[in-house]
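Report on the structure given below.
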Amino acid sequence: MGRKLLLEKAHVEGIRYYDTYRKNGGYDAAEKALKMSPADIVEEVKKSGLRGRGGAGFPTGMKWSFLAKPEGVPRYLVCNADESEPGTFKDRYLMEFIPHLLIEGLLISSFALGSNRTYIYIRGEYAWIVDILEQAIAEANQAGFLGKNILGAGFDCQIYVQRGAGAYICGEETALIESLEGKRGNPRIKPPFPAIKGLWDCPTVVNNVETLAAIVPIMNIGAEEYAKIGIGKSTGTKLISACGNINKPGVYEIDMTISVEEFIYSDEYCGGIPNGKRLKACIPGGSSVPILPANLLLTTAKGEKRMMTYESLADGGFPTGSMLGSGGFIVLDEDQCIVKNTYTLARFYRHESCGQCSPCREGTGWMEKILHNIETGKGKMSDIDLLWDIQRKIEGNTICPLGDAAAWPVAAAIRHFRDEFEWHVLHPEEAQKRNFGLAHY
Ligand code: NAI
Ligand code: SF4
Numbered sequence: 006m007g008r009k010l011l012l013e014k015a016h017v018e019g020i021r022y023y024d025t026y027r028k029n030g031g032y033d034a035a036e037k038a039l040k041m042s043p044a045d046i047v048e049e050v051k052k053s054g055l056r057g058r059g060g061a062g063f064p065t066g067m068k069w070s071f072l073a074k075p076e077g078v079p080r081y082l083v084c085n086a087d088e089s090e091p092g093t094f095k096d097r098y099l100m101e102f103i104p105h106l107l108i109e110g111l112l113i114s115s116f117a118l119g120s121n122r123t124y125i126y127i128r129g130e131y132a133w134i135v136d137i138l139e140q141a142i143a144e145a146n147q148a149g150f151l152g153k154n155i156l157g158a159g160f161d162c163q164i165y166v167q168r169g170a171g172a173y174i175c176g177e178e179t180a181l182i183e184s185l186e187g188k189r190g191n192p193r194i195k196p197p198f199p200a201i202k203g204l205w206d207c208p209t210v211v212n213n214v215e216t217l218a219a220i221v222p223i224m225n226i227g228a229e230e231y232a233k234i235g236i237g238k239s240t241g242t243k244l245i246s247a248c249g250n251i252n253k254p255g256v257y258e259i260d261m262t263i264s265v266e267e268f269i270y271s272d273e274y275c276g277g278i279p280n281g282k283r284l285k286a287c288i289p290g291g292s293s294v295p296i297l298p299a300n301l302l303l304t305t306a307k308g309e310k311r312m313m314t315y316e317s318l319a320d321g322g323f324p325t326g327s328m329l330g331s332g333g334f335i336v337l338d339e340d341q342c343i344v345k346n347t348y349t350l351a352r353f354y355r356h357e358s359c360g361q362c363s364p365c366r367e368g369t370g371w372m373e374k375i376l377h378n379i380e381t382g383k384g385k386m387s388d389i390d391l392l393w394d395i396q397r398k399i400e401g402n403t404i405c406p407l408g409d410a411a412a413w414p415v416a417a418a419i420r421h422f423r424d425e426f427e428w429h430v431l432h433p434e435e436a437q438k439r440n441f442g443l444a445h446y
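Just so you know, we're using our numbering here: the sequence shown kicks off at 6 and counts up by one.
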């Protein structure tokens with residue numbers, strides 16, 4: 006059994022409510038942290054090796070230490086709960102079942118960063134979770150863990166929940182900030198990073214839900230103990246939302262010492278593939294990361310066992326590696342059609358592009374049309390090379406990572422499954438009749 010730090014108590018009856026959470030050790034970490042200095046908390050988070058759990062894996066302590074502190078200017082902490090990456094539903098689980106873990110993590114982090122007004126920006130579709138969070142915030146206020154002079158530490162903090170309106174792009178941190186300011190959610194050019202110029206042009210840290218919740222166990226068990234869990238620079242535990250062709254879809258907490266094979270086949274996690282089917286491929290970190298065929302998924306290009314860590318999943322770089330990303334783990338069995346799957350993703354990115362930069366705005370629509378043609382038996386062989394050229398012209402040439410996220414699935418699909426694209430072109434009638442594929446996550 007792997008170690009559980011976040012979800013260990015998620016199924017204790019009534020844990021959603023303050024009294025039960027408190028009786029089970031809740032807010033002990035906050036009591037400990039508010040006796041420390043903010044600088045010591047930042048140091049502790051640095052020592053823990055915690056990396057951003059939203060997808061990028063940027064070291065959290067380092068991000069916190071970048072926060073500018075000009076005299077007389079407010080600083081903000083914003084929790085990114087705009088979880089919209091296809092295949093990713095781990096933050097929803099955490100907020101729904103153990104909301105006080107996030108509120109406690111937010112309180113400690115707000116104290117460490119000097120944020121008196123902290124925001125949770127949550128995707129609009131998670132409407133019922135807004136009620137859960139607001140109830141938890143009200144309870145924390147009543148218990149004196151939010152509000153004025155918290156625990157007599159001379160620190161004031163209030164948490165506000167803001168709903169998004171259903172745009173995936175608002176999960177990009179600068180688009181999120183624009184939206185929070187009441188504007189259209191268009192990403193800003195970075196630098197300046199939010200740590201220097203963020204919400205209302207003030208220094209701002211934007212962290213993912215799971216990252217902020219992880220601050221609680223770090224305070225409870227200490228950074229050194231936390232850093233011992235995992236392998237190399239993949240420390241602590243990680244939530245993985247597993248879906249697709251597996252026997253046990255769901256949200257799992259792993260301690261980043263297990264192999265991909267164990268994660269897919271063991272009964273503790275995904276429980277294998279239904280109906281004895283063979284594993285064909287997997288998108289291991291949410292739809293934005295490259296798909297890997299079964300052989301490369303289970304073993305790295307160097308012939309080593311692929312582990313569920315940031316480093317191992319990326320090992321080999323993009324031709325042969327992928328990313329742990331947001332932990333949205335999508336498994337495809339032998340019956341799935343890669344062209345259909347890639348078309349589905351291309352349609353999603355075209356729909357979600359904000360349209361600011363031409364390579365993304367034009368390229369995503371163009372890729373979608375070509376993929377639709379190939380999928381429905383109307384494609385030409387030259388379309389495959391054209392698709393390749395378009396994705397290359399998007400990657401690295403846009404304001405925000407949505408462009409790359411749209412390009413990589415197409416690049417990886419062609420690289421690893423070119424024969425399937427060619428089959429669609431060579432067998433147009435059969436391709437038209439075939440209509441299977443995961444299509445929805
Ligand atoms: P990024 O690598 O550009 O930035 C990571 C973080 O580090 C940001 O907060 C950035 O402000 C900060 N940072 C980096 N360099 C800095 C510097 N020099 N000074 C100050 N701060 C600095 O990645 P980004 O755009 O934040 O995230 C992209 C990832 O998000 C993708 O890998 C994707 O997997 C993931 N994603 C997750 C979604 C979800 O639903 N969880 C949705 C869409 C994408
Ligand atoms: Fe908008 Fe796409 Fe440019 Fe990002 S890459 S700013 S989503 S047009």
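Glycine included, every Cβ here is placed at the ideal spot set by N, Cα and C. Keep in mind it's a predicted model, so treat the numbers as computed, not measured.
Query, Result
"Please name the residue, chosen from Pro222, Leu107, Pro298, that lies closest to Ala166 on a Cα-to-Cα basis.", "A small fix is needed here, since residue 166 is Val in this sequence, not Ala. The shortest C-alpha separation from Val166 is found at Leu107."
"Under a criterion of Cβ closer than 6 angstroms to any non-hydrogen atom of ligand 2, which residues qualify, in chain order?", "Ile174, Pro192, Ser358, Cys359, Gly360, Gln361, Cys362, Cys365, Arg366, Thr403, Ile404, Cys405, Leu407, Gly408"
"What number of angstroms, rounded off, separates the C-alpha of Lys9 from the C-alpha of Asp260?", "7 angstroms"
"Cutting at 6 angstroms between CB atoms, please list the residues of its own chain near Asp172, excluding the five before and the five after it.", "Checking the displayed sequence, the identity of residue 172 turns out to be Ala instead of Asp. Gly190, listed in sequence order."
"Is the separation between the beta-carbon of Leu82 and that of Leu111 shorter than 9 angstroms?", "yes"
"Assign Met6 to buried or exposed, taking buried as 16 or more other Cβ atoms, counted over all protein chains shown, within 10 Å of its Cβ.", "exposed"
"Using the three-state DSSP reduction, which class does Cys365 fall into: helix, strand or coil?", "helix"
"Roughly how many angstroms lie between the CA atoms of Glu434 and Lys374, to the nearest whole one?", "19 angstroms"
"For Arg423, list the residues DSSP reports as bridge partners.", "None; Arg423 has no bridge partner."
"Count the C-beta pairs between the region 127 to 145 and the region 243 to 260 that are closer than 8 angstroms, then say yes if the count reaches three, no if not.", "no"
"Could you give the uninterrupted runs of the alpha helix (DSSP H) lying entirely in the region 265 to 312, keeping only those of 4 residues or more?", "265 to 270, 299 to 303"
"May I ask you to report which of helix, strand or coil DSSP gives Gln163?", "strand"
"Taking the continuous beta strand (DSSP E) assigned at Arg80, which residues delimit it?", "80 to 86"
"Within the same chain, show all residues whose beta-carbon is closer than 6 angstroms to that of Ala444, passing over the 5 residues directly before and after it, in chain order.", "The predicted model places Ala444 with a pLDDT of 44, which falls under 50 and marks its position as unreliable; any figure quoted below should be read in that light. So the qualifying residues of the chain are Thr349."
"Please list the segments of the alpha helix (DSSP H) lying wholly inside the region 347 to 397, counting only runs of 4 or more residues, in order along the chain.", "363 to 380"
"What is the residue span of the beta strand (DSSP E) that Tyr126 lies within?", "120 to 127"
"Inspect the beta-carbon positions of Ile234 and Met313 and report whether they are closer than 9 angstroms.", "no"
"Would you kindly check if the distance between the Cβ of Ala218 and the Cβ of Tyr32 is under 9 angstroms?", "no"
"Would the beta-carbon of Thr325 be found less than 8 angstroms away from any heavy atom of ligand 1?", "no"
"Taking DSSP's pairing of strands, which residues face Cys207 in a bridge?", "None, per the DSSP bridge assignment."
"Would you list the residues sitting across from Cys248 in a DSSP beta bridge?", "Ile335"
"Should Ala34 and Ile220 be called a contact, given that it needs their Cβ atoms to be closer than 9 angstroms?", "yes"
"Do Pro192 and Gln361 have their C-beta atoms closer together than 9 angstroms?", "yes"
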